[in-house]
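Trainee:
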Amino acid sequence: MKIAIGADHGGFNLKKEIVALLEELGHEYKDFGTHSADSIDYPDVAIPVAEAVAAGEFDRGILICGTGIGIGIAANKVKGIRAALVHDSFSAKATRQHNDSNIMTMGERVIGPGLALDLVTTWLDTDFEGGRHSNRVDKMRAYESK
425 MKIAIGADHG GFNLKKEIVA LLEELGHEYK DFGTHSADSI DYPDVAIPVA EAVAAGEFDR
485 GILICGTGIG IGIAANKVKG IRAALVHDSF SAKATRQHND SNIMTMGERV IGPGLALDLV
545 TTWLDTDFEG GRHSNRVDKM RAYESK
């Protein structure tokens with residue numbers, strides 16, 4: 425699987441740990457930054473990651489900031505993106521099964537690295553169920569195409 429990953433300064437350290445996990449799992453990835461703990465604005469990372477995922481250059485994306493909220497809001501401004509904030513195993517699985525999320529967001533200041541790595545693995549390993557959920561996702565896609 426090809427993964428686009430990015431973080432602002434608030435998610436920089438957790439991003440490094442997730443990149444190591446992606447390498448361990450054998451996923452191809454591109455790190456969209458940031459590449460230091462210096463302060464940056466989260467849309468500067470979220471939007472390029474979201475655009476690359478929406479364009480089909482990557483299968484999925486992972487974004488990290490301090491809370492996971494701002495970076496997710498920015499990503500969801502891009503047509504075709506279904507970015508979901510994940511803090512627990514149930515939501516990591518459900519957002520893939522029911523919402524076909526294509527970007528996962530997390531907050532480094534909210535969850536620890538051990539849980540974050542488990543959530544990434546769960547999210548990457550879970551497929552979209554389709555069925556009754558397809559109709560709901562299709563309605564979002566139709567709205568975006570207006």
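For the sequence shown, the residue numbers in the numbering used here are 425 to 570. The C-beta atom is built at its ideal place from N, Cα and C for all residues, glycine as well.
With respect to the alpha helix (DSSP H) encompassing A540, which residues constitute its N-terminal and C-terminal limits?
Mentor: 537 to 549
Trainee: Could you tell me if K503 is buried or exposed, where buried requires 16 or more neighbouring beta carbons within 10 angstroms of its beta carbon?
Mentor: exposed
Trainee: My output table needs one value for Y453: the three-state DSSP class, helix, strand or coil.
Mentor: strand
Trainee: Excluding the five sequence neighbours on either side, which residues of its own chain have a C-beta within less than 6 Å of the C-beta of S525, listed in chain order?
Mentor: R506, A508, T519
Trainee: Give a yes or no on whether the C-beta atoms belonging to I535 and I486 are separated by under 8 Å.
Mentor: no
Trainee: Report, in whole angstroms, the separation of the C-beta atoms of A479 and I527, which I expect to be a contact under 8 Å.
Mentor: No, A479 and I527 are not in contact; Cβ-Cβ is about 13 Å, not under 8 Å.
Trainee: Would you report the Cα separation of R560 and K570, rounded to the nearest angstrom?
Mentor: Distance between R560 and K570, taken at the CA atoms: about 16 Å.
Trainee: For H511, which residues from the same chain have a beta carbon less than 7 Å from its beta carbon, with the 5 sequence-adjacent residues on both sides left out?
Mentor: V534, I535
Trainee: Tell me whether the beta-carbon of A498 lies closer than 8 Å to the beta-carbon of P467.
Mentor: yes
Trainee: Could you tell me which uninterrupted beta strand (DSSP E) segments, each at least 3 residues in length, are contained entirely in the stretch 487 to 530, listed from first to last along the chain?
Mentor: 507 to 509
Trainee: Is DSSP giving G435 helix, strand or coil here?
Mentor: helix
Trainee: From P537 to S558, what does the alpha carbon distance come to, in whole angstroms?
Mentor: 32 Å
Trainee: Candidates Y453, L446, L539, T529: which alpha carbon is nearest K426's?
Mentor: For K426, the closest of Y453, L446, L539, T529 by C-alpha to C-alpha distance is Y453.
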